[in-house]
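Remarks on the structure that follows.
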Ligand code: FAD
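Residue numbers (this note's numbering): 435 to 823.
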C-alpha cells in the first residue's frame, strides 16, 4: 500500500553516516525506532532503519495464509499505535494476520515517519578505525555500500533461521521436508501423509488445519505436551510457567548460551479448539521418532509411520551472523546480553532477543533499549522536538 511518501522514502539514499542504525523493522525494531525518534533522533538522517524484507510487518508478512490474529497468540500493539486508532485487540480476525499486521505496521511507519529503507539486507558489521561501526548492506540484492554509526540496534528476529534437528537418516528421506517459514497452505498437502514435528503453536496450527485435507497427520514432539490454564491464548500459560520461561531466557542471554525454547516454559494455549482436537485424538503427540527412512519415520518401539512429507516446526534461533566480525559470541554459541545490551561491546544492542523475544516482552524491549542507546550516545542526541506526526 505504497503512497507517495513511502515511494519517496524508498528512493531516498541511505546516508553514509548515522548516529544509530536499527537492523530489522519488525515489532522490536519499530518499537526502538519510535522511542528514539521521540527523543529527537531524525529517522532517515541520524536514525537509519534497514530491513531486508520487501514489505512491512516484519516476520508477519511471511506467515501462512490461514493464520488469524484470533488464533495466534495475542500480538502486542506497538507503542503509540492507539494514537492512530489502531489496536490488534480490535483488528479484523477474519482476514489473514499477515495482511492485517502488514497494513497496521505500514500505517505506523507512515504516521511516525520512521523512514524504513527496504529491501536492504545487512551483511556484516565491522569495527572502524575511528571507533565507530561500519554496517555493510545489500540493497535490492546488489552490494551497495555501508553506513557508519555510533550505535547499532540489532532487531533481526528469528524467522530467517529455522532450526531443523539432525536425526539419523534425515538425508535419505524420499519425500518433501520443509520448515515452518516454507509452509504456505494446507491444500499443498492434500491427500499426502504428513509428519508434523514440534511442540509449539506453529506445529499445533499445522496439525489442526491439515485435518481432513492430508491423508494422515502424525504429530511428533520431543517433550510431552501440556495444555495449560483455561484462559485466552496470551494468558494461557501459568504465571509461574511464564516467569520461569523469562528467567531461563534471561539466564541464557546473560551467559551467552544458546537460547532455550519459550514454549518449553509456557505450555500450549488451552483454547477450546485445541482441547477439542486433543479430545478427538487429532492433537495427540507421539514421542519423537529415532530414525528417518526413505519412505517414512521409525519410532523407538520399532513401529514405522509411512510419510510423504515431514514438516519441521522445531523452532528458530536468533539471526546474528552479520555481527560475527565483531566477535560477540561466547563459547556457548550465543551473544551475552543483559537487558538488550551486548556485554562484549557497548555500541551494540539486541532488541527482541532472549527474554524480549516472542510473545513474552518483545515490545517492552523498545523503551528499554532506546533508553540505553540514548545514554550511550556521546554527545547526547540533540534536543529536537519529538517526532512529528
Ligand atoms: P521479526 O518480526 O522477525 O522482524 C525482524 C525483521 O528483521 C524482519 O523484518 C527481517 O526482514 C529483518 N531482518 C532480519 N535479518 C536482517 C538483516 N540481516 N538485514 C536487514 N534486515 C533483517 N508473537 C506474538 O506476539 N504473537 C503471536 O501470535 C506470534 N505468533 C508467532 C507465530 C510464529 C509461527 C512465529 C515463528 C512467531 C510468532 N510470534 C508471535 C513471535 C513473533 O515472531 C514475535 O512476537 C515478533 O514478531 C518478533 O518481532 P521481531 O521484531 O523481534 O522480529
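Glycine included, C-beta positions come from ideal geometry on N, C-alpha and C.
From the options, residue whose alpha carbon lies closest to that of residue i
i: residue 661; options: 719, 606 and 607; result: 719
i: residue 530; options: 491, 510 and 551; result: 491
i: residue 812; options: 552, 584, 484 and 758; result: 584
i: residue 827; options: 447, 702, 460 and 780; result: What is shown of the chain runs 435 to 823, which leaves residue 827 out entirely.
i: residue 489; options: 462, 526, 463 and 536; result: 536
i: residue 597; options: 552, 614, 582 and 768; result: 614
i: residue 657; options: 639, 634, 648 and 651; result: 634
Beta-carbon proximity check, residue i vs residue j, cutoff 7 Å
i: residue 632; j: residue 747; result: yes
i: residue 521; j: residue 511; result: yes
i: residue 458; j: residue 576; result: no
i: residue 566; j: residue 558; result: no
i: residue 753; j: residue 625; result: no
i: residue 723; j: residue 733; result: yes
i: residue 542; j: residue 513; result: no
i: residue 518; j: residue 549; result: no
i: residue 477; j: residue 547; result: yes
i: residue 502; j: residue 461; result: no
Run of the beta strand (DSSP E) containing residue i, from where it starts to where it stops
i: residue 727; result: 725-727
i: residue 571; result: 567-573
i: residue 731; result: 730-732
i: residue 452; result: 451-457
i: residue 610; result: 610-613
Check: residue i C-beta below 6 Å from any heavy atom of the ligand FAD
i: residue 753; result: yes
i: residue 593; result: yes
i: residue 490; result: no
i: residue 758; result: no
i: residue 527; result: no
i: residue 573; result: no
i: residue 486; result: yes
i: residue 774; result: no
i: residue 474; result: no
i: residue 521; result: no
Whole-Å CB distance - residue i paired with residue j, under 8 Å assumed
i: residue 725; j: residue 602; result: 5 Å
i: residue 645; j: residue 716; result: 5 Å
i: residue 637; j: residue 630; result: 5 Å
i: residue 554; j: residue 484; result: 4 Å
i: residue 760; j: residue 770; result: About 13 Å separates the two Cβ atoms, so there is no contact after all.
i: residue 619; j: residue 499; result: 5 Å
Start and end residues, alpha helix (DSSP H) containing residue i
i: residue 584; result: That residue, residue 584, is in no alpha helix (DSSP H); its beta strand (DSSP E) goes 576-588.
i: residue 481; result: Per DSSP, residue 481 belongs to no alpha helix (DSSP H); it is in the beta strand (DSSP E), 481-484.
i: residue 832; result: Residue 832 lies beyond the range of the chain shown here (435 to 823); nothing can be said about it.
i: residue 533; result: 531-545
i: residue 807; result: 799-810
i: residue 643; result: 635-644
i: residue 466; result: 461-472
i: residue 709; result: 706-713
Residue-chain proximity (residue i, chain D), Cβ-Cβ < 7 Å
i: residue 487; result: In summary, chain D is missing from the structure at hand, where a single protein chain is found.
Contact test: residue i Cβ vs the ligand GDP heavy atom, cutoff 6 Å
i: residue 736; result: Ligands present in the displayed structure are limited to the ligand FAD, and the ligand GDP is not among them.
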